[in-house]
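Visitor:
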Amino acid sequence: MAPPLFAAAPHASLLPIFSPDPAAARPPRGILRSRTSRLRLPRATGPTGRGRGRGRGRGGFANEWGERSPPGAPETPAERDPPVNEDDEWGRDADEGNSRPIIVDEWGEPAEPEPEQPSSADPPIPGADDEWEEETAAAAAPPPPAEEEVVDEQAERRGDLKRCLVDTVYGTELGFRASSEVRGEVIELVTQLEAANPTPAPVEAPDLLDGNWILIYTAYSELLPILAAGATPFVKVKQISQEIDSKSMTIVNASTLTTPFASFSFSATASFEVQSPSRIEVQFKEGSFQPPAISSSVDLPEQVDIFGQKISLGPVQQALNPLQQAFASIAGSISGQPPLKIPIPGNNRGRSWLLTTYLDKDFRISRGDGGLFILAKEGSPLLDQL
């Protein structure tokens with residue numbers, strides 16, 4: 001009855017291999033090796049229990065060199081491959097985005113990197129405010145003054161300078177008795193007014209330039225004889241004026257002297273040519289003497305100062321009272337006479353130039369032949385301060 005037992009053996013040996021149980025088909029532990037080892041599956045054994053491969057022996061697996069381990073020998077766990085330095089030649093990890101620099105010491109040996117100190121915040125840069133700070137500063141800053149306010153402030157400042165200048169020259173008899181200190185103050189105020197000149201082209205502004213201008217101060221040497229005569233006890237300089245007419249291109253300089261007996265007026269007429277927007281060239285043509293205006297009565301001061309001594313004129317006034325009727329008749333006969341005109345030769349003495357450095361509606365500063373002229377227009381309230 002032995003044959004039936006042997007006949008069933010082959011079928012029994014094949015059951016573990018073709019069994020549907022997943023655990024029966026799973027290879028034993030230890031077969032998976034490192035990623036460099038070759039994976040070999042066990043060969044199917046025949047009925048005799050021998051492998052179907054070329055090698056002999058009971059079971060066993062071939063390693064990477066083709067050798068088989070003895071049957072029944074415990075399998076040693078495969079050693080792991082040494083770590084592979086995957087850094088590139090620049091010392092960076094091969095993984096994208098991971099940078100690691102190589103740090104070596106002075107002998108070329110690897111060294112540990114020093115711990116990085118936390119960086120402090122950058123100091124603020126002056127003038128590098130962002131747009132929010134600029135908007136905040138702009139909102140906090142006061143609005144710029146309007147153009148009308150600026151013009152009003154400049155006009156007010158010029159008015160203050162003009163009034164101060166008129167006060168400075170008061171009592172100097174048109175500059176004849178001005179001290180050196182007063183002359184220095186006048187020059188300083190004139191310089192400030194010239195720097196604030198509202199009319200840079202005076203010749204091109206006839207509405208401001210034309211008119212009769214009254215002299216209030218001068219440093220012109222040609223006028224010294226007239227001013228010196230006005231400093232005498234019985235003669236006074238009543239007025240020195242200059243009338244400009246841009247249409248006829250003429251200038252008339254006039255002077256009036258007064259005495260207790262009569263007043264005398266004379267003038268000089270000149271034509272001018274425009275040299276620049278602020279400069280004209282003047283050529284005097286003729287002089288004119290008006291008939292004296294005889295006073296109907298003699299009006300003498302009570303006393304006069306001669307060489308530091310005060311002399312009373314009361315007795316002289318009483319002696320002249322009987323002659324008042326004679327003075328009145330002489331004045332009536334002379335008043336209707338035409339003025340006496342004298343031509344001025346056309347030479348260099350009759351030629352001059354005039355530069356206007358400041359001009360507004362009622363005040364003018366001019367320079368000519370080294371002289372300084374400060375004038376106020378007739379009717380200006382500045383004349384009331386003199």
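In terms of UniProt numbering, the sequence shown opens at residue 1 and continues consecutively. Just so it is clear, CB atoms sit at the ideal spot from N, CA and C, and this is done for glycine as well. Predicted model, so just to flag it, every value in this text is computed and none were measured.
If we ignore side chains and look at the alpha-carbon of each, how far apart do CYS164 and LEU189 end up?
Guide: If you take the alpha carbons of CYS164 and LEU189, they lie about 8 Å apart.
Visitor: With distance defined between alpha-carbon atoms, name the residue in LEU223, ALA178, GLU204, GLU173 nearest to GLY371.
Guide: Checked all of LEU223, ALA178, GLU204, GLU173; the closest Cα to GLY371 is LEU223.
Visitor: Look at the alpha carbon of THR250 and the alpha carbon of GLN154, and state the distance between them as a whole number of angstroms.
Guide: When rounded, the distance between both Cα atoms is 32 Å.
Visitor: Please specify which runs of the beta strand (DSSP E), each continuous and at least 3 residues long, are wholly inside the segment 240-304, giving them in chain order.
Guide: Entirely contained in the segment 240-304, the beta strand (DSSP E) runs reaching 3 residues are, in chain order, 250-258, 262-276, 279-289.
Visitor: Count the other CB atoms within 10 Å of the CB of PRO47; is the residue buried (16 or more) or exposed (fewer)?
Guide: Residue placement at PRO47 cannot be trusted, given a pLDDT of 45 that sits under 50; what the coordinates show is reported in the next sentence. Exposed, by the Cβ-count rule.
Visitor: Using three-state DSSP, classify LYS162 as helix, strand or coil.
Guide: Three-state result, LYS162: helix.
Visitor: Apart from the five residues on each side of it in sequence, which residues of its chain come closer than 6 Å, Cβ to Cβ, to GLY379?
Guide: For GLY379, where only same-chain residues beyond five positions count, there are no Cβ hits under 6 Å.
Visitor: Check the DSSP bridge columns for PHE363 and list the partner residues they point to.
Guide: Partner(s): ALA376.
Visitor: Please work out which residues of its chain come closer than 6 Å, Cβ to Cβ, to ASP360, disregarding the five sequence neighbours upstream and downstream, and give them in chain order.
Guide: Here the set comprises PRO198.
Visitor: Just to confirm before moving on: does the CB-CB distance between ARG158 and ALA201 stay below 7 Å?
Guide: Not in contact: ARG158 and ALA201 (Cβ atoms no closer than 7 Å).
Visitor: I'd like the span of the alpha helix (DSSP H) that includes THR199, first residue to last.
Guide: It is not in any alpha helix (DSSP H) - THR199 carries neither H nor E in the DSSP assignment.
Visitor: Ends of the alpha helix (DSSP H) at GLN192?
Guide: Residues 180-195.
Visitor: Quick one: what's got a C-beta closer than 6 Å to PHE264's C-beta in the same chain, skipping five residues either side?
Guide: Closer than 6 Å at Cβ, skipping near neighbours: LEU257, PRO292.
Visitor: Pairing CB atoms from the segment 260-277 with CB atoms from the segment 214-232, are three or more of them under 8 Å?
Guide: The answer is no - the segment 214-232 does not touch the segment 260-277, with fewer than three Cβ pairs under 8 Å.
Visitor: Between ILE344 and PHE284, is the Cβ-Cβ spacing less than 7 Å?
Guide: Result yes, Cβ atoms of ILE344 and PHE284 sit closer than 7 Å.
Visitor: From the DSSP secondary-structure annotation, give me the bridge partner or partners of ILE214.
Guide: For ILE214, which the question treats as bridged, DSSP gives the partners SER241, ALA376.
Visitor: If we call anything under 7 Å between Cβ atoms a contact, is GLU281 one with TRP353?
Guide: Yes, these two residues count as a Cβ contact at 7 Å.
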